[in-house]
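A quick write-up on the structure given underneath.
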Amino acid sequence: MTSSTVLQGERPAAGEVAAPLAPPPRRPVHALTGVRILAALWVVLFHIRGNLYSEFPEVQRWVGPLLDQGGLGVDLFYVLSGYVLVLNYGSRMGRRFQWDAAGRFWWARLSRVWPAYFVTLLVAALWHGFLLATERPDPVAPRDFTVLSFLRQTFLVVQWTEPDSDRLTWNGPAWTVSAEALAYLLFPVLVLVVYRLAASFSVRGLAVLALGAVVPTAILIAGLGTPEWPGLYAPFMWILRIGGGFVAGALACAAVQHVRATPRARAWASHLALAAVVVMIACFYAVDRTGRAHLTPALAIPFFVLVVGALGLADRHIARLLSTRVLVVGGMASYSVYLVHMLVIEPVWYLQGEYAVLAPGTTGSKLAFVLVPFVVLGAGYALWRWLEEPARRRMRAMAKVGSQ
Numbered sequence: 001m002t003s004s005t006v007l008q009g010e011r012p013a014a015g016e017v018a019a020p021l022a023p024p025p026r027r028p029v030h031a032l033t034g035v036r037i038l039a040a041l042w043v044v045l046f047h048i049r050g051n052l053y054s055e056f057p058e059v060q061r062w063v064g065p066l067l068d069q070g071g072l073g074v075d076l077f078y079v080l081s082g083y084v085l086v087l088n089y090g091s092r093m094g095r096r097f098q099w100d101a102a103g104r105f106w107w108a109r110l111s112r113v114w115p116a117y118f119v120t121l122l123v124a125a126l127w128h129g130f131l132l133a134t135e136r137p138d139p140v141a142p143r144d145f146t147v148l149s150f151l152r153q154t155f156l157v158v159q160w161t162e163p164d165s166d167r168l169t170w171n172g173p174a175w176t177v178s179a180e181a182l183a184y185l186l187f188p189v190l191v192l193v194v195y196r197l198a199a200s201f202s203v204r205g206l207a208v209l210a211l212g213a214v215v216p217t218a219i220l221i222a223g224l225g226t227p228e229w230p231g232l233y234a235p236f237m238w239i240l241r242i243g244g245g246f247v248a249g250a251l252a253c254a255a256v257q258h259v260r261a262t263p264r265a266r267a268w269a270s271h272l273a274l275a276a277v278v279v280m281i282a283c284f285y286a287v288d289r290t291g292r293a294h295l296t297p298a299l300a301i302p303f304f305v306l307v308v309g310a311l312g313l314a315d316r317h318i319a320r321l322l323s324t325r326v327l328v329v330g331g332m333a334s335y336s337v338y339l340v341h342m343l344v345i346e347p348v349w350y351l352q353g354e355y356a357v358l359a360p361g362t363t364g365s366k367l368a369f370v371l372v373p374f375v376v377l378g379a380g381y382a383l384w385r386w387l388e389e390p391a392r393r394r395m396r397a398m399a400k401v402g403s404q
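The following block contains the structure:
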């Protein structure tokens, strides 16, 4: 085995020199795929939590501290994204900058995110345009329904110049895709730094750097937040959220790749992942009881780094659960689930004001919000299966034709 074929978690044979970052693993890390659908559903439930609390008061009592922090699912996605991209591209792109490699990476990411994103943008344009043209009330009216806004959203740059995301994108959650696009643009340079840090630091040093990457975010979230307005949404905080989370995930991947994947190491990683999740959830409830729930994100984001890093090596406990077929398929479809969820929720909110049978407090309203997550899952799966994946394959094939 040469240094270019050392797998994640394996040590080179005697006389060989391991590369700072290993090639992509031969098998996907299923736990990191499975956790994505939980992050997506966390965001979905976050956006209907007020309706659930109104219709089912016990929900707030039992799981309110969890649902109230569902916006953090976005930050979990950011950490996962940084980790997975270094896992798959670190060894290929980290040694030196090459325009052709960067171009292939950018096209691969565009193939992954843009088709489903653009289709849901068109659906959102039809929805808001219909309400505007017919002078009907829009439950979540965009702050800028113009040609320029459409073009900025189409080219994934809409968030880059804005201090916040409030009603910025016509499809509510799409602002995060614009933020991710900025991270993708910078990744070919970032990976050069990560590669060199991986060559210079031990596992412990890289782990400290990974956690340190989110410390500024945590400090400013805690300092700027109030009970009425969490610091998570402070002006330009989105830059720290994507930047800190993405870099932390990248460095966590570098740290894990320095660990030999022995049964003992996998067992310890499994225990760490489970313990981190349990302690994090306990913190959610403990902080909520103090009346300072706006501080919870500052505590949670560092835990995400621990959980993602541990899941990269774990093979039991929650890692085994996350690796089940249902959750892995859900994780594969999670991006589409995330994109469609407000396109399902907003019409329900609109219909509540139009039809008495769906008015708040009615049986129809209760049934509607129980069904919303399932409808979102079904619509997201359909979008992934019949649009996102086929379009991704077609776009990747276009790149191969162009390189022949």
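Reading the sequence shown from the start, the letters are residues 1 to 404 in UniProt numbering.
Ideal Cβ placement from N, Cα and C applies to all residues, glycine included.
DSSP three-state assignment for Pro-65, whether helix, strand or coil | Taking the sequence shown and counting its residues from 1, one reaches residue 65 at position 65. Pro-65 falls in the helix class under three-state DSSP.
Spatial neighbours of Pro-390 in its chain, beta-carbon cut-off 6 Å, leaving aside the 5 residues before and after | Along the sequence shown, read from residue 1 onward, the residue named residue 390 stands at position 390. Taken in chain order, the list of residues that qualify is empty.
Are Gly-331 and Arg-109 close, meaning C-beta to C-beta below 9 Å?
-> For the purposes of this step, residue 331 is taken as residue 331 along the sequence shown, with counting starting at 1. For the purposes of this step, residue 109 is taken as residue 109 along the sequence shown, with counting starting at 1. Not in contact: Gly-331 and Arg-109 (Cβ atoms no closer than 9 Å).
Delimiting residues of the alpha helix (DSSP H) encompassing Leu-185 | Along the sequence shown, one-based indexing puts residue 185 at 185. Element bounds for Leu-185: 175-200.
Determine, using beta-carbon pairs with one atom in the stretch 336-343 and one in the stretch 374-381, whether at least three such pairs fall under 8 Å.
-> yes
Rounded straight-line distance, which links the Cα of Phe-46 to that of Arg-392 | For the purposes of this step, residue 392 is taken as the residue at position 392 of the sequence shown. For the purposes of this step, residue 46 is taken as the residue at position 46 of the sequence shown. Distance between the alpha carbons of Arg-392 and Phe-46: 29 Å.
Beta-carbon proximity list for Pro-142, same chain, < 8 Å, skipping 5 on both sides = The count along the sequence shown starts at 1 and reaches residue 142 at position 142. So the qualifying residues of the chain are His-128, Ser-149, Arg-167, Leu-168, Thr-169, Trp-170.
Coarse secondary structure for Thr-154, derived from DSSP in three states = Residue mapping note: residue 154 aligns to position 154 of the sequence shown, counting from 1. If DSSP states are grouped into helix, strand and coil, Thr-154 belongs with the helices.
Please classify Asp-75: does DSSP put it in a helix, a strand, or coil?
-> Looking up residue 75 in the sequence shown gives position 75. Correct three-state label for Asp-75: helix.
Can you give me the start and stop residues for the alpha helix (DSSP H) that Ser-270 sits inside?
-> What you label residue 270 is simply residue 270 of the sequence shown in a count that begins at 1. Element bounds for Ser-270: 263-289.
To the nearest angstrom, how far is it from the Cα of Tyr-350 to the Cα of Ala-125?
-> As a first step, residue 350 is located in the sequence shown; it is residue number 350 there, counting from the start. As a first step, residue 125 is located in the sequence shown; it is residue number 125 there, counting from the start. Distance between the alpha carbons of Tyr-350 and Ala-125: 16 Å.
Tell me whether Thr-296 sits in a helix, a strand or coil according to DSSP, three-state version.
-> For the purposes of this step, residue 296 is taken as residue 296 along the sequence shown, with counting starting at 1. The three-state reading of DSSP puts Thr-296 in helix, counting H, G and I together.
For Tyr-117 and Pro-65, the rounded distance between their alpha carbons = Here the question's residue 65 lines up with position 65 in the sequence shown. Here the question's residue 117 lines up with position 117 in the sequence shown. In a straight line, the C-alpha of Pro-65 is about 30 Å away from that of Tyr-117.
What is the rounded straight-line gap between the Cα of His-30 and the Cα of Ala-255?
-> Within the sequence shown, residue 30 is the residue found at index 30, counting from 1. Within the sequence shown, residue 255 is the residue found at index 255, counting from 1. Annotation: His-30 to Ala-255 spans about 19 Å, alpha carbon to alpha carbon.
With 16 as the cutoff for other CB atoms within 10 Å, does Arg-292 come out buried or exposed?
-> In the sequence shown, counting from the first residue as 1, residue 292 sits at position 292. So Arg-292 ends up on the exposed side.
Through-space distance from Glu-354 to Leu-206, alpha-carbon basis | Counted from its first residue, the sequence shown places residue 206 at position 206. Counted from its first residue, the sequence shown places residue 354 at position 354. Looking at the two C-alpha atoms, the distance is approximately 55 Å.
Specify the secondary structure class of His-317 as computed by DSSP and reduced to three states.
-> As a position in the sequence shown, residue 317 is number 317, starting the count at 1. Coil, per DSSP.
Alpha-carbon to alpha-carbon, Thr-176 and Pro-139 | Indexing the sequence shown from 1 puts residue 139 at position 139. Indexing the sequence shown from 1 puts residue 176 at position 176. Looking at the two C-alpha atoms, the distance is approximately 21 Å.
Using the Cα positions of Val-59 and Asn-51, report the straight-line distance between them to the nearest angstrom.
-> Here residue 59 is taken as the residue at index 59 of the sequence shown, counted from 1. Here residue 51 is taken as the residue at index 51 of the sequence shown, counted from 1. Here the alpha carbon of Val-59 sits roughly 10 Å from the alpha carbon of Asn-51.
Go to Tyr-53, then tell me how far its alpha helix (DSSP H) extends in each direction, as first and last residue.
-> Position 53 of the sequence shown, counted from the start, is the residue given in the question as residue 53. Note, Tyr-53: alpha helix (DSSP H), 49-55.
Looking at the structure shown, is Ser-365 part of a helix, part of a strand, or coil, going by DSSP?
-> Taking the sequence shown and counting its residues from 1, one reaches residue 365 at position 365. In this structure, Ser-365 counts as helix in the three-state DSSP scheme.
Touching by the beta-carbon criterion (3+ pairs, under 8 Å), the stretch 223-234 and the stretch 268-288 = no
Residue span of the alpha helix (DSSP H) that contains Ala-234, given as start and end = In the sequence shown, counting from the first residue as 1, residue 234 sits at position 234. First-last for Ala-234: undefined, no H or E at that position.
Go ahead and pull the three-state DSSP assignment for Glu-354.
-> Here residue 354 refers to the residue found at position 354 when the sequence shown is read from its first residue. If DSSP states are grouped into helix, strand and coil, Glu-354 belongs with the helices.
From the DSSP output, in three-state form, read off His-30 for me.
-> One-based indexing of the sequence shown puts residue 30 at position 30. Helix.
Cβ shell of Ser-365 (< 7 Å), same chain only, five flanking positions each side left out = Locating residue 365 in the sequence shown gives position 365, where the first residue counts as 1. Excluding residues within five positions, the ones whose Cβ falls inside 7 Å are Glu-55, Gln-352, Leu-358, Ala-359.
How about Gly-82 and Val-43: are their beta carbons less than 9 Å apart?
-> To locate residue 82, count along the sequence shown from 1; it is residue 82. To locate residue 43, count along the sequence shown from 1; it is residue 43. Going by C-beta atoms, Gly-82 is not nearer than 9 Å to Val-43.
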